[in-house]
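Engineer:
In my numbering, the protein residues as written are 214 to 1182.
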């Protein structure tokens, strides 16, 4: 009998403290708690890891050799487990060929649909192309009126110049008596002379037949077969006194001579040579040198280094300076005025060169020698493109790519497929027309197909009964998957959206929708914050999806902090009470009402209202200046104007896909980075950005990893490791041995273990098996050699210091201000539980973002810095959000401006200013709904954020009053 519970006994993975917990099966279970309390350790590293290990162990030895060995988590036992599937945020495909359509398998069904019922058209003339068998052609002829006189002909020349003597001679030799030349039937035994300079059309007459009531189909069939063979699959029927009929046994346009080939599912695959555009190989774009990246700042003069590819260390090298002066003399343009003041022709001469004019170059070397020579100037852009094509050096290629941008392929216009594939239509749309629609619009189109209703009034757009029968099951599969994507709040995405551009939350919800579509039952799903990036207005859709997955007979375990999901769950497990060594215990469990009653649960206190994130006592009014964005048009932004007041905490809100990141990151940040730091990334389209002179720094604190290798860690990133190494170098024993700070670095020779090169682990190649990572047997994972580890400070060596948590390291280094100040900022952003030397690859996106935030906090503030953060509350509990808000307010109180893209209502209510974008997602968004204070946003009827914010502001006032009253009592 299957158990009704999953029983975990003695879980000790990471910071879990011998945890015993019982989880009901076939329920929606939320595991919550402060950051670092052990949620992921319990959900992923214990329950999921053991479920997956047991499933793999059940496979044959042959199958297991391809999956590798899985270690047993540190737990006494787990009972009642099912096969486990992990749906986390770390999976985001970086393959440029992966799209939303391919990862959800919708595109596979689309390819099948178009291959089975698609109607091919000629991509040149647009005519419908049909393939017919001999019997179908004969039937069409027999349907002509009785006594119709027809000529069966084989087309040999279609509108081509020449005398075509060889074709006429071959027809005579093969026994044919007549041909039709340019519409006139002529006898082949006569001399036929054609003008070689004129266009001619020649058809060989195979037979002349009168269609009677008698069965003439055998003679007609023989003639048609003969004509098809002679005419390369095409037969022409001329009805005397009537129409000309063209038939083809291939998918070919008989008018243009274009052969489409066999139509199969692979015809529509941009990952196959059968369907992919031959120019871009199915990518849809090509890298080309972008003039805006070559000269990104047109306010600079040529003398000031406006040509970026020529600039090294802030100025041109002597050769480029000489070349520029020679060009200036030859073409009469000044080099000391801003580039924007030069004429279009002068800029074109610089960028694209002039091969028709010789330039006299005079060059003085460093040694004072003067050389002069005549040359033609190739142009900056042709020069870069030629070097990019010809070089075999990755360094040169990467350097030139900084000045290149992805441009739509000129042949397929970014549509990835061959013209033959794009000319196959279903209800008037090709396959790329379908994938370019949003999920919502695609669903509407599928419904129209099912009901055989077309947007077009043309009868050709409707499906035949046979086509409807074939398409029925395929459309059901497509529709079902589209509905699941819509249910998880992704209706604004298009199927052709590249998977690499999806956020972690979007990618996770796509996988969630895919799992629902699979229809599996009896499975244990473990999810990591599926609500990330989701606006409160879409919460109910996600909750409905999760419940549907549960109702199929699955157990859903979610690591989550979202209040709406917690209240909708069947069971909550709250871990804590603190982080790191202060966490790892189950402080409360049960339904939401039981959690609210728990005095030990911080989460419960917030859910019950006994503890709240307070409103600010007063909202800042700023410093009177602003950044004014005018005419922003990046992605779905609809030519919007936005003003960001400086000296404030500004929150940019709106539903997922409304255009928040497009406005703040693509337009604002990239433009500021270009102006302030000469950044190479091309900003999104906008008319102008005013007020840039009011800031001197812009810092984007995103959730990208702080390092791609285990060698990066919080200590190295924040700069705390340098004073730590310097401190160890001052220890008397280290000084006696002559050890410098470099001796205590695991990245350079000297103190590191040479067996693992300071990595602590060694990767062993296993041929056809996955590579295995094992601790270094020389240093036992400590990274350092014996001599470096012999140096201790307060009885701890350098490896032991790196293994301390931030809390422990703070106590350890309390009397050393340079180290303490950097560790304090890590603690202040809620990262006191992480280890000082924890590899960057093990940090979540939210943790990496807060490490970056701590690094900025530790720097000397200018008071004119603009900080941009994208969803900093990711992975944060109520208590962690309160700590984060203190840090953000601290930055603003120092005179800086903080712009936050966020959905979390507790953060929005604490903002000084809110910019709400919407009203919907995709093409239904991209408009500034409101730019005002949180209180005034409540009164904006079109704002989804305002309606939810009104409830939070009311609750905050009531809860604060209630808490104050209880204190008085």
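We put the CB at the ideal spot given by N, CA and C, even for glycine.
Identify the continuous beta strand (DSSP E) that holds residue 499 and give its terminal residues.
Structural biologist: Position 286 of the chain shown, counted from the first residue, corresponds to residue 499. Element bounds for residue 499: 498-502.
Engineer: Between residue 328 and residue 842, what straight-line distance do the alpha-carbon atoms span, to the nearest angstrom?
Structural biologist: The residue given as residue 328 occupies position 115 in the chain shown. The residue given as residue 842 occupies position 629 in the chain shown. The alpha-carbon atoms of residue 328 and residue 842 are separated by roughly 47 Å.
Engineer: If you run the structure through DSSP and keep just helix, strand and coil, what is residue 457?
Structural biologist: Taking the chain shown and counting its residues from 1, one reaches residue 457 at position 244. In this structure, residue 457 counts as strand in the three-state DSSP scheme.
Engineer: Over the uninterrupted beta strand (DSSP E) stretch that includes residue 246, give me the two end residues.
Structural biologist: As a working mapping, residue 246 is identified with position 33 in the chain shown. 241-246 is the span of the beta strand (DSSP E), which, as asked, contains residue 246.
Engineer: Does DSSP classify residue 466 as helix, strand or coil?
Structural biologist: Indexing the chain shown from 1 puts residue 466 at position 253. The answer is strand: DSSP assigns residue 466 an E or B state.
Engineer: Taking buried to mean at least 16 other C-beta atoms within 10 Å of its own C-beta, is residue 341 buried or exposed?
Structural biologist: By one-based count along the chain shown, residue 341 stands at place 128. Classification of residue 341: exposed, given that the 10 Å Cβ count is below 16.
Engineer: Along the beta strand (DSSP E) that carries residue 222, what are the first and last residues, could you check?
Structural biologist: Looking up residue 222 in the chain shown gives position 9. Counting along the chain, the beta strand (DSSP E) containing residue 222 begins and ends at 218-224.
Engineer: For residue 486, count neighbouring C-beta atoms within 10 Å of its own C-beta (all shown protein chains included) and say buried if the count is 16 or more, exposed if not.
Structural biologist: Sequence index remark: in the chain shown, residue 486 carries index 273 (1-based). By the 10 Å Cβ count, residue 486 comes out exposed.
Engineer: Please confirm if residue 482 has its CB atom under 7 Å from at least one CB of chain C.
Structural biologist: Among the protein chains of the structure shown there is no chain C, as only one such chain exists.
Engineer: From this set, 624, 390, 380, which residue's C-alpha is nearest residue 413's C-alpha?
Structural biologist: Working through the chain shown from its first residue, we reach residue 413 at position 200. Comparing Cα positions, the closest option is 380.
Engineer: Can you list the alpha helix (DSSP H) stretches of 4 or more residues lying completely in the segment 649-732, in chain order?
Structural biologist: Fully enclosed alpha helix (DSSP H) runs of 4 or longer: 652-663, 678-700, 717-731.
Engineer: Give every residue of the same chain whose Cβ lies closer than 6 Å to the Cβ of residue 1176, excluding the five residues on either side of it in the sequence, and list them in chain order.
Structural biologist: As a working note, residue 1176 is residue 963 in the chain shown. In this prediction, residue 1176 has a pLDDT of 44, which is less than 50 and means its spatial position is unreliable; nothing more can be read from the coordinates.
Engineer: Which whole-angstrom value is the C-beta distance of residue 508 and residue 552, which I expect to be below 8 Å?
Structural biologist: Within the chain shown, the letter at position 295 stands for residue 508. Within the chain shown, the letter at position 339 stands for residue 552. That belief holds up - the Cβ atoms of residue 508 and residue 552 are roughly 6 Å apart, short of 8 Å.
Engineer: Please identify the residue among 610, 1157, 499, 872 whose C-alpha is closest to the C-alpha of residue 751.
Structural biologist: Taking the chain shown and counting its residues from 1, one reaches residue 751 at position 538. Nearest C-alpha to residue 751: 1157.
Engineer: Can the beta-carbon of residue 950 be found less than 7 Å from the beta-carbon of residue 959?
Structural biologist: Counting from 1 along the chain shown, the entry for residue 950 is found at position 737. Counting from 1 along the chain shown, the entry for residue 959 is found at position 746. No, they are not a contact pair.
Engineer: Just the C-alpha distance for residue 468 and residue 400, rounded to the nearest angstrom, thanks.
Structural biologist: Here residue 468 refers to the residue found at position 255 when the chain shown is read from its first residue. Here residue 400 refers to the residue found at position 187 when the chain shown is read from its first residue. Spanning the two alpha carbons is a distance of roughly 25 Å.
Engineer: Ignore the nearest five residues each way along the sequence and tell me which others in residue 1145's own chain have a CB closer than 7 Å to its CB.
Structural biologist: Working through the chain shown from its first residue, we reach residue 1145 at position 932. So the list reads 1127, once near-sequence residues are dropped.
Engineer: With a threshold of 16 other CB atoms inside 10 Å of the CB of residue 197, please say whether the residue is buried or exposed.
Structural biologist: Since the first and last residues shown for the chain are 214 and 1182, residue 197 lies out of range.
Engineer: With DSSP as the reference, label residue 839 as helix, strand or coil.
Structural biologist: Stepping through the chain shown from its first residue, residue 839 is reached at position 626. Of the three classes helix, strand and coil, the one that applies to residue 839 here is strand, per DSSP.
Engineer: Is it buried or exposed, residue 773, if we count other Cβ atoms within 10 angstroms and call 16 or more buried?
Structural biologist: Within the chain shown, the letter at position 560 stands for residue 773. That one is buried.
Engineer: Taking the beta strand (DSSP E) that residue 449 belongs to, which residues open and close that run?
Structural biologist: As a first step, residue 449 is located in the chain shown; it is residue number 236 there, counting from the start. 447-452 is the span of the beta strand (DSSP E), which, as asked, contains residue 449.
Engineer: From residue 337 to residue 690, what does the alpha carbon distance come to, in whole angstroms?
Structural biologist: Within the chain shown, residue 337 is the residue found at index 124, counting from 1. Within the chain shown, residue 690 is the residue found at index 477, counting from 1. Each residue's Cα considered, the two are about 33 Å apart.
Engineer: In chain order, what residues of the same chain have a beta carbon less than 6 Å from the beta carbon of residue 1119, not counting five sequence neighbours either side?
Structural biologist: Here residue 1119 is taken as the residue at index 906 of the chain shown, counted from 1. 826, 1094, listed in sequence order.
Engineer: Do the CB positions of residue 473 and residue 464 come within less than 7 Å of each other?
Structural biologist: Position 260 of the chain shown, counted from the start, is the residue given in the question as residue 473. Position 251 of the chain shown, counted from the start, is the residue given in the question as residue 464. For residue 473 and residue 464, yes; Cβs fall inside 7 Å.
Engineer: Report buried or exposed for residue 1017, applying the criterion of at least 16 other Cβ atoms within 10 angstroms of its Cβ.
Structural biologist: Stepping through the chain shown from its first residue, residue 1017 is reached at position 804. When all chains shown are included, residue 1017 counts as buried.
Engineer: Any idea what DSSP makes of residue 229, helix, strand or coil?
Structural biologist: Taking the first residue of the chain shown as position 1, residue 229 is located at position 16. Residue 229 falls in the coil class under three-state DSSP.
Engineer: Run the CB neighbour count on residue 658, radius 10 Å, all protein chains shown included, and call it buried at 16 or more, exposed below.
Structural biologist: Walking along the chain shown from the start, residue 658 turns up at place 445. Counting Cβ neighbours within 10 Å, residue 658 comes out buried, since at least 16 surround it.
Engineer: Taking DSSP's pairing of strands, which residues face residue 1006 in a bridge?
Structural biologist: Here residue 1006 is taken as the residue at index 793 of the chain shown, counted from 1. Beta-bridge pairing links residue 1006 to 1009.
Engineer: Is the segment 449-456 touching the segment 351-368 in the sense that three or more CB pairs, one from each, lie closer than 8 Å?
Structural biologist: Touching, yes.
Engineer: Could you give the first and the last residue of the continuous beta strand (DSSP E) run that contains residue 589?
Structural biologist: Numbered from its first residue, the chain shown carries residue 589 at position 376. First-last of the beta strand (DSSP E) with residue 589: 583-590.
Engineer: Quick check on the burial criterion: 16 or more other C-beta atoms within 10 angstroms. Buried or exposed for residue 589?
Structural biologist: Mapped onto the chain shown, residue 589 falls at position 376. So residue 589 counts as exposed.
Engineer: By Cβ distance below 7 Å, which residues in the same chain neighbour residue 610 in space, the five residues on each side in sequence not counted?
Structural biologist: By one-based count along the chain shown, residue 610 stands at place 397. For residue 610, where only same-chain residues beyond five positions count, the Cβ hits under 7 Å are 601, 604.
Engineer: Would you say the segment 1086-1104 touches the segment 1040-1050, given that touching needs at least three Cβ pairs under 8 Å?
Structural biologist: Enough Cβ pairs lie closer than 8 Å, so yes.
Engineer: Would residue 228 and residue 797 qualify as a contact pair, given that the criterion is a beta-carbon distance under 7 Å?
Structural biologist: What you label residue 228 is simply residue 15 of the chain shown in a count that begins at 1. What you label residue 797 is simply residue 584 of the chain shown in a count that begins at 1. Yes, the pair counts as a contact, with Cβ atoms nearer than the cut-off.
Engineer: Within 10 angstroms of the Cβ of residue 433, are there 16 or more other Cβ atoms? Answer buried if so, exposed if not.
Structural biologist: Taking the chain shown and counting its residues from 1, one reaches residue 433 at position 220. Buried, since its Cβ has 16 or more Cβ neighbours within 10 Å.
Engineer: Between which residues of its own chain and residue 586 is the CB-CB distance below 7 Å, once the five residues before and five after are set aside?
Structural biologist: On the chain shown, position 373 is the one that residue 586 refers to. Excluding sequence neighbours, residue 586 sits near 574.
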